[in-house]
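Chemist: Attaching a single structure in structure tokens format; questions to follow.
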Amino acid sequence: MDMNQYLSMFIDESNDHLQSLNENMLELENRPDDLGIVQVIFRSAHTLKGMAATMGFEDLSSLTHQMENVLDLVRNDKLKMQDFIFDTLFQSLDALQSMVQDITQGGEGKEDVSSIVASLQAIVRGDIAPSGQQSGAKAADKASSASGAAIRLDEFQYSVLEQSITEGHKVMYIEVAVREDCQLKAARAYLVFDLLERYGEIVKSHPSVQEIEQEQFDRSFSLYYITQKEAAELQGMIMNLSEIDSAQVALLDHETLSQLDSGIKEASVAVEAAEPTANNAEKPAAGSKAAKPEEGKTGARPSAVSAAPSRTIRVDIDRLDVLMNLFSELLIDRSRLEQLAYEVKRSDLTETVEHMSRVSSDLQNIVLKLRMVQIDSVFNRFPRMIRDLAKSLDKKIDLIIVGAETELDRTVIDEIGDPLVHLLRNAVDHGVEPLEERIAAGKPETGTVELRAFHSGNHVFIEIEDDGHGIDRDKVLAKALKNGVVTESEASTLTDEQVFMLLFAPGFSTAEVISDISGRGVGLDVVKTKIESLSGVVSVDSKLGKGTKFSVQLPLTLSIISAMLIKVGSEKYAIPLSSIVETGLIRREQIRKVHGYTMIPYRDSHIPLMSLAELFDVRDFDEKSEEETEIVVVRKGDRLAALTVEDFIGQNEIVIKNLGKYLPPVQGVAGATILGDGQVALIIDPNAFIK
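Just so it is clear: in the sequence shown, position 280 is 283 by the numbering used here, and no numbers are missing.
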């Protein structure tokens, strides 16, 4: 069977299981005695192992199996979780993540994990003196009380038997023993299999068919069998074969099938756990508990829980992109129809176009919502990262996540992860003080880093706030002067926020010691560049001794936006409404020159004035010849500026089109859109004009 068709599904589901494993391991670290969490972890690991084995990724399956051995001892109360066990299991998850990443990139998912496997096997052997270990002898006794030929069913085989019983077929458990003096055991077993296959279907046998053919069994073998024959009739037919010593045929119903399979699995798991520990365990711990039947199962049963039907489906991202592109074309045609209907002035055409506009607006909302993804898909990898960083820095950090259900466009989600990683690492390394400093400052030993996300208008805000020592304004300014980032004259006029923003200058760092976490002068400048490429803004607020807050403002979507269409000479431009504060008129005599800059009065202050005609070299318009000029006041964070335009066309929903390779990067241009009359209008990025 060609498994390549299932590869993308395997990768998606593996990543889901790995994320679940990481989250539940972190939860278990806080509540190490909660066996309910261990059960959830075990099931995820077991499912991942089965998926990997089915796809042929043996290294991934093998490592997960070693993890299962440890988790099985824990869930059966034979092993207590310790720091070394947590660290080893987290290392295993990192290795599994690396393997899945390799598979994603076309590899075979191979990695040298011998040291991790050795650590996991040492835990199972008891080399770290686990508490609550059961003696090997006792576990072996438990196994011997189960069926002598243990058949362990997987989930698919079990569901086949369950379904067969439901549909009225007879499901039987058969044990056959050949005589001790039998010379050709394999031949006699073949006769039994041949007989049974005439009247039904053998689901699974123990030993396997291959082992039986090679006579790799003692005297007996057992099997699960589906038929319409009666048990007594089958038993008689088997006993009529030569050199058969005994045949036991048991008819199973739902309850006996569950009990039999549970007992076999529980005993088999006990043997696996006991074999490597028989030489190390001295005696069972007092008060150790036997596993419940459902805890002994290796996976959830289809009939055990009546699950609600799934309300979600996985959709390939490329299909959503195609849908968005098709809708974009529809939106352009809608604008064209609206303009034609306005020109023709026919009532029936106008009504039809208005109805189509309402329907397409609803469709637009649905298409945009399809592309919206909860930011939880980015946030959920941070608790594990913070845990590892805190351990490496010998700090105690409590990460609080608020608003993980906030939604963002997928294109933004794909890009925002790395900047947030930089900001969080910066908060843990630079923000939160070492243990001794916190105690000396009268703060709790555990530092707090809060990660928040919330909607505000057409934007999403993400804030990262720590309760550390804050940013030392004087230290940052001194470093900036030393590195030539600012001059002495500029430094004397900078506000606190402007000083803090110097941290985002390329190559700027206040770290005294360079580490692998931070201090190399890269990171925050990358953060600023990336966020601005997403049409976002980053700002900093800090109080010395209290903490620091980084705030990131992002647009909800980068595909369809509301914009103000303006005219400058023969050119048309679009300015995103999210960047516009207000529009107005300015008289020629109000324009001032201040220190070489063109400024205008605005609400008890002065803001820079820029001419779009000059910025984009529009030669058929010159506002200097006009007594009054229309302006658009735009914002970037807390900073404002005014752009001169010739006329306002109106507000419209526009589709952002990437300029691609047709034009080199042009400062101040975020893309283009196609208007209703077929003209192309450039979309202005006001962030580029406000320094």
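Cβ atoms here follow ideal geometry from the backbone N, Cα and C, with glycine treated the same way.
Since the model is a prediction, treat every value here as computed from it, not as a measurement.
1) Can you grab the Cα-Cα spacing for the pair Gln231 / Val252, in whole Å?
2) Once you ignore the five residues that flank Thr24 on each side, which residues in its own chain have a CB closer than 7 Å to its CB?
3) Between Glu626 and the rest of its own chain, which residues show a CB-CB distance below 8 Å, the 5 nearest in sequence each way excluded?
4) I'd like the list of long-range same chain contacts for Ala673, defined as Cβ closer than 6 Å, with 5 residues on each side in sequence excluded.
5) Output the distance between the C-alpha atoms of Ser211 and Asp412, rounded to the nearest integer angstrom.
6) Nearest to Leu38 by CA position, among Val325, Val77, Leu329 and Glu158, is which residue?
7) Between the C-alpha atoms of Glu71 and Val431, what's the straight-line distance to the nearest angstrom?
8) Please look up how many angstroms separate the CB atoms of Val636 and Tyr605, rounded, as I've assumed it's under 8 Å.
9) Less than 8 Å between the CB atoms is what I'm expecting for Val181 and Ile247, so what's the real figure, rounded?
10) Confirm, please, whether the CB-CB distance from Leu51 to Val120 is below 8 Å.
11) Going by the DSSP bridge assignment, what does Lys596 pair with across the sheet?
12) Restricting to runs no shorter than 3 residues, where is the beta strand (DSSP E) found entirely within the stretch 453–509?
13) Please confirm whether Val424 and Val452 have their CB atoms less than 8 Å apart.
14) Measuring only the C-alpha atoms, how far is Gln593 from Leu643?
15) Is Asp365 helix, strand or coil by DSSP?
16) For Gly112 versus Val103, is the C-beta distance shorter than 8 Å?
17) Does any residue of chain D bring its CB to less than 8 Å from the CB of Ile403?
18) Assuming Leu244 and Val318 are in contact, meaning their beta carbons sit under 8 Å apart, how far apart are those beta carbons, in whole angstroms?
19) What number of angstroms, rounded off, separates the C-alpha of His433 from the C-alpha of Ile389?
20) For Gln238 and His68, what's the separation of their Cα atoms in angstroms?
21) In whole angstroms, give me the CA-to-CA distance for Val415 and Lys533.
22) Suppose the cutoff is 6 Å on Cβ atoms and the five residues either side in sequence are ignored; what does the same chain contact list for Ser538 look like?
23) Could you work out which residue in Pro611, Met28 and Asn690 is closest to Gly599 when comparing CA atoms only?
24) Please list, in chain order, all residues of the same chain as Glu30 whose beta carbon is under 6 Å from its beta carbon, the five residues on each side excluded.
25) Evaluate Gln556 with the Cβ neighbour count: other Cβ atoms within 10 Å of its Cβ, from every protein chain shown; 16 or more gives buried, anything less gives exposed.
26) What do you reckon, are the CB atoms on Thr551 and Gly681 nearer than 8 Å?
27) What is the DSSP secondary structure of Lys173, counted as helix, strand or coil?
28) Looking at the secondary structure, which residues open and close the beta strand (DSSP E) in which Phe624 lies?
29) Quick check on Thr647: does DSSP put it in helix, strand or coil?
30) Where Ile229 and Lys173 are concerned, what is the direct C-alpha to C-alpha distance, given to the nearest angstrom?
31) Suppose you measure from the CA of Asp528 to the CA of Asp90; what does that come to, to the nearest Å?
32) Of the residues Ile177, Ile400 and Ser608, which one's Cα is nearest the Cα of Ala234?
33) So, using beta-carbon positions, are Glu656 and Ser565 closer together than 8 Å?
34) Since Val381 and Gly420 should fall inside the 8 Å C-beta cutoff, what is the C-beta to C-beta distance between them, to a whole number of angstroms?
35) Could you tell me the alpha carbon to alpha carbon distance between Ile603 and Ala645, rounded to whole angstroms?
36) Between which two residues does the beta strand (DSSP E) harbouring Thr414 extend?
Modeler: Reading from the atomic positions:
1) For Gln231 and Val252, the distance between alpha carbons rounds to 14 Å.
2) Inspection of the sequence shows that residue 24 is occupied by Leu rather than by Thr. Hits under 7 Å: Ile44, Ser47, Ala48 and Leu96.
3) Ser614, Ala616, Thr632, Thr647 and Glu649
4) Around Ala673: Ile686 and Asp688.
5) 52 Å
6) Val77
7) One alpha carbon belongs to Glu71, the other to Val431, and they sit about 33 Å apart.
8) Distance from Val636 to Tyr605 at the Cβ level is roughly 7 Å; contact confirmed, criterion being Cβ atoms closer than 8 Å.
9) 6 Å
10) No, they are not a contact pair.
11) Its beta-bridge partners are Thr601.
12) Complete beta strand (DSSP E) runs here, min 3: 462–469.
13) no
14) 17 Å
15) helix
16) Result yes, Cβ atoms of Gly112 and Val103 sit closer than 8 Å.
17) As a matter of chain content, chain D is missing from the structure shown, which is built from one protein chain.
18) Not really, about 56 Å apart at Cβ, beyond 8 Å.
19) 13 Å
20) 38 Å
21) 11 Å
22) Pro558
23) Pro611
24) Ile40
25) buried
26) no
27) strand
28) Membership of Phe624 in any beta strand (DSSP E) is not indicated, and neither H nor E is assigned to it by DSSP.
29) Correct three-state label for Thr647: strand.
30) 6 Å
31) Here the alpha carbon of Asp528 sits roughly 33 Å from the alpha carbon of Asp90.
32) Ile177
33) yes
34) 5 Å
35) Taking the straight line joining both Cα atoms gives about 8 Å.
36) Premise fails: Thr414 lies in the alpha helix (DSSP H), Arg413 to Asn429, not in any beta strand (DSSP E).
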